[in-house]
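Read top to bottom, the protein sequences are chains G and F. The first sequence begins at 1 in my numbering and counts up by one. The second sequence begins at 355 in my numbering and counts up by one. The structure appears right after this line, and notes come after that.
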Amino acid sequence: MTIYTSGKGHLMIQFDAVHKRFPNGTTAVHDLSLEMPEGGVTVLVGSSGCGKTTTLRMINRMVDPTSGTIRVGGRDVLEQDAAELRRSIGYVIQQSGLFPHRTVLDNIATVPLLLGWGRRKARARAEELLETVGLTAEAGKRYPHQLSGGQQQRVGVARALAADPPVLLMDEPFGAVDPVVRTQLQDELLRLQKELSKTIVFVTHDIDEAVRLGDRIAIFRTGGHLVQCAPPAELLAHPADDFVADFLGAERSLKLLSLTALEGIPQAPAPEGGTWELVLDGARRPLHWRTEDTELPVRPLSDADSLLAALNESIASPTGLVARVDADGALTGVTSRDEIHAHAGLAHEEARAA
Amino acid sequence: MTTDWSWIGDHTDDLTTLTFSHLQAAFSAVFFGLLISLPLAVVAHRIRPLRGLLLGLSNVLFTIPSIAVFVLLLPVSGLTRTTTVIGLTIYTLVVLLRNTVEGLDSVPAKTKEAAKAMGTRPLRALLTVELPLALPVIMAGVRIATVMSISLVSVATYIGDGGLGQLFTDGFQRNFPTPVIVGVVLTLLLALVADALLVAVQYVLTPWTHRKQRAA
Chain G
1 MTIYTSGKGH LMIQFDAVHK RFPNGTTAVH DLSLEMPEGG VTVLVGSSGC
51 GKTTTLRMIN RMVDPTSGTI RVGGRDVLEQ DAAELRRSIG YVIQQSGLFP
101 HRTVLDNIAT VPLLLGWGRR KARARAEELL ETVGLTAEAG KRYPHQLSGG
151 QQQRVGVARA LAADPPVLLM DEPFGAVDPV VRTQLQDELL RLQKELSKTI
201 VFVTHDIDEA VRLGDRIAIF RTGGHLVQCA PPAELLAHPA DDFVADFLGA
251 ERSLKLLSLT ALEGIPQAPA PEGGTWELVL DGARRPLHWR TEDTELPVRP
301 LSDADSLLAA LNESIASPTG LVARVDADGA LTGVTSRDEI HAHAGLAHEE
351 ARAA
Chain F
355 MTTDWSWIGD HTDDLTTLTF SHLQAAFSAV FFGLLISLPL AVVAHRIRPL
405 RGLLLGLSNV LFTIPSIAVF VLLLPVSGLT RTTTVIGLTI YTLVVLLRNT
455 VEGLDSVPAK TKEAAKAMGT RPLRALLTVE LPLALPVIMA GVRIATVMSI
505 SLVSVATYIG DGGLGQLFTD GFQRNFPTPV IVGVVLTLLL ALVADALLVA
555 VQYVLTPWTH RKQRAA
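Here you go:
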């Protein structure tokens, strides 16, 4: 039994030797000891039936453990009234689980109303949250089925945040939306998290999503065994065993590059007079690569983009050069394929050494 | 056998009284039927083994001939309106109970889970989430039960009640078709109006079911 700890922050959620066996005899969670630091995103991943969802659901007592202790904010969950505990923990589920008979605003106001805030205050809070999750005030008057899948999911997040709980449980919240919307929702969540610093427990079976969102990733194996819990870079550089390595996939090293930003990687002035020329618009924004008879698209990258994106662009670019731009999209310089390669290798070495 | 339409004009007061009496019997039956069905349906919905028993029982009650029900009730409540309402109520159970159980079954598991996970206690979840969402199916049952009761009230003529049904006995005994025709037409109208009213009530109570999907 290993206790996984992280250096930063207080521990918000602690699992201590938790076991869950269902009445039908299956063991969903096996001897789990895991700690989740305050203000961090812990992602639980694994294939279906690995116990990740059961683990999540034990935090707000949707499932009670067979043995062991779970503490939230230092207090044993089993010693608290289940309904009151649940009101103090935000919960987002797949396909949002919104109430079809309540307007979006009333959906968001659910927990404040349960807490007895009064209708006016609850609605005011709900209106505020609509804006927080990027929805218009007009959307608040609609019913859930009148919104798109992505919008419904935003409402689900707003509803979970309504009473400003310190802990947010998210059970495959973005599982049912298309990849483009999913990426948007992930970005939104990261933006929100920067502002709100909630302790988030996030369940997914998508390892890319885990790497993208997680401060720490806990990988579960069928039978409810926690195999490894580590920050994404550490996990990708040092998978504990073959199971974890397989789960991370063959592109494990590339995924690691997705964690490193381009910032700080040297750039040179754009070449002039070569076969290929980088064409800019009036505001010095790159338009395309051009020779005498052809034009090829360019995808300029900013400092916030990842090394993985740069590697991809350096392969696609006819010159092997990646166009770098500032926040306004104006060209700042170019970086060569060799330079990116060297830094990719370096990033990998650093992660291995860490 | 001749019709005489002037009979209507001479009996407007009687017709009004009988119509209201008819309606009162039918609505009371549906009201008490709902009062009994709602808790029973919740029990049948929550406790699986009781479900078949309760639904089966309501089916069996439905198969008892209506005259027999009234006769059986005579020693209990005599030749009264109470007997009529009890008899009719028994018949409403078969649709009201079944539809309420099915309505509760139709509430998506995800929605119930969300209610629980938000910290809603079971009774509040039932009243504010499950029953409202079951309403369309329950209302379908209420409509059938209402129309059925309106048509069944006439049977209680056997025990001296029966609302507009009294017009039928009157017509038959005197071999005079006018009251029979008027009785049939009024019963039909009552059923149609009551059903239309219930549709309107449901429309008002379930705004989420008829809001169009709009482009986001």
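Here a beta-carbon is modelled for each residue, glycine too, at the ideal position from N, C-alpha and C.
9 Å Cβ cutoff met for residue i and residue j
i                : j                : result
Thr199 (chain G) : Glu38 (chain G)  : yes
Thr42 (chain G)  : Arg216 (chain G) : yes
Ala283 (chain G) : Ala330 (chain G) : yes
Phe385 (chain F) : Ala510 (chain F) : no
Ala261 (chain G) : Leu307 (chain G) : yes
Ile59 (chain G)  : Ile13 (chain G)  : yes
Leu161 (chain G) : Gly90 (chain G)  : yes
Val439 (chain F) : Ser382 (chain F) : yes
Val334 (chain G) : Ala323 (chain G) : yes
Gly223 (chain G) : Gly51 (chain G)  : yes
Ala395 (chain F) : Leu544 (chain F) : no
Ile504 (chain F) : His376 (chain F) : yes
Pro23 (chain G)  : Leu98 (chain G)  : no
Leu481 (chain F) : Gln556 (chain F) : no
Helix, strand or coil at residue i according to DSSP, with G and I counted as helix
i                : result
Thr373 (chain F) : helix
Ile401 (chain F) : coil
Asp524 (chain F) : helix
Tyr91 (chain G)  : strand
Ile13 (chain G)  : strand
His101 (chain G) : coil
Gly25 (chain G)  : coil
Leu168 (chain G) : strand
Gln556 (chain F) : helix
Gly387 (chain F) : helix
Gln228 (chain G) : strand
Lys121 (chain G) : helix
His341 (chain G) : helix
Lys566 (chain F) : coil
Met472 (chain F) : coil
Leu32 (chain G)  : strand
Leu63 (chain G)  : The residue asked about is misnamed: residue 63 (chain G) is Val in this sequence, not Leu. Coil at Val63 (chain G), not helix or strand.
Val133 (chain G) : coil
Phe243 (chain G) : helix
Lys20 (chain G)  : strand
Ile362 (chain F) : helix
Thr110 (chain G) : helix
Other residues of its chain near residue i: CB distance less than 6 Å, five sequence neighbours each side excluded
i                : result
Leu287 (chain G) : Val279, Asp281
Arg299 (chain G) : Glu313
Thr66 (chain G)  : His19, Lys20, Arg21
Thr319 (chain G) : Trp276
Thr523 (chain F) : Thr511
Ile498 (chain F) : Val449
Thr357 (chain F) : Pro531, Thr532
His399 (chain F) : Val455, Leu458
Integer Cβ distance of residue i from residue j, believed to fall under 8 Å
i                : j                : result
Leu506 (chain F) : Leu442 (chain F) : 6 Å
Thr55 (chain G)  : Val29 (chain G)  : 6 Å
Leu388 (chain F) : His101 (chain G) : No, Leu388 (chain F) and His101 (chain G) are not in contact; Cβ-Cβ is about 20 Å, not under 8 Å.
Val45 (chain G)  : Thr204 (chain G) : 6 Å
Met472 (chain F) : Thr110 (chain G) : 5 Å
Close beta carbons around residue i, own chain, < 7 Å, minus the five adjacent residues each side
i                : result
Ala139 (chain G) : Val104, Leu130, Leu147, Gln151
Tyr4 (chain G)   : Confidence at Tyr4 (chain G) is low in this model, with a pLDDT of 43, below 50, so the placement of that residue should be treated as unreliable; the coordinate-derived value is given next. Taken in chain order, the residues that qualify are Leu34, Glu35, Cys229.
Leu346 (chain G) : none
Ser88 (chain G)  : Pro165
Ala494 (chain F) : Asn453
Ser336 (chain G) : Gly320, Leu321
Gln94 (chain G)  : Asp171, Glu172, Pro173, Gly175, Ala176
Ala158 (chain G) : Ile108, Leu129, Leu130, Thr132, Val133
Ser391 (chain F) : Leu447, Leu450, Leu451, Thr454
Ala344 (chain G) : Leu257, Leu307, Leu311
Ala309 (chain G) : Leu301
Lys8 (chain G)   : Legend: pLDDT at Lys8 (chain G) = 47, less than 50; position of this residue unreliable, value from coordinates given subsequently. Pro37.
Cβ shell of residue i (< 8 Å), same chain only, five flanking positions each side left out
i                : result
Leu236 (chain G) : Val211, Leu248, Arg252, Ser253, Lys255, Leu256, Leu259, Ala351
Lys466 (chain F) : Ala479, Val483, Glu484
Pro112 (chain G) : Lys121, Ala122, Arg125, Ala126, Ala162, Ala163
Val553 (chain F) : Arg497
Leu409 (chain F) : Ala398, Leu451, Arg452, Val455
Next item on the list: Output, in sequence order along the chain, the residues in the stretch 117-149 of chain G whose CB is closer than 7 Å to any CB in chain F.
Entry: Tyr143, His145, Gln146, Leu147, Ser148
Item checked: Interface positions of the stretch 464-477 of chain F facing chain G (Cβ-Cβ less than 8 Å), listed along the chain -> Lys464, Thr465, Glu467, Ala468, Ala469, Lys470, Ala471, Met472, Gly473, Thr474, Arg475
Next item on the list: With 7 Å as the limit, tell me which residues of the stretch 481-514 of chain F have their beta carbon closer than that to any beta carbon of chain G; keep them in chain order.
Entry: Within the stretch 481-514 of chain F, the residues whose Cβ lies closer than 7 Å to some Cβ of chain G are Val483, Pro486, Leu487, listed in chain order.
Check: Of the residues that make up the stretch 17-38 of chain G, which ones have a beta carbon closer than 8 Å to any beta carbon in chain F?
Finding: none
Note to self: Using a Cβ-Cβ cutoff of 7 Å, what residues of the stretch 48-76 of chain G are near chain F? List them in chain order.
What the structure shows: Asn60, Met62
Next item on the list: Report the residues of the stretch 399-410 of chain F with a CB closer than 7 Å to any CB of chain G, ordered along the chain.
Entry: none
Margin query: What are the residues in the stretch 77-88 of chain G lying within 7 Å of chain F by C-beta distance?
Written below: Flagged, chain order: Ala83, Glu84, Arg86, Arg87.
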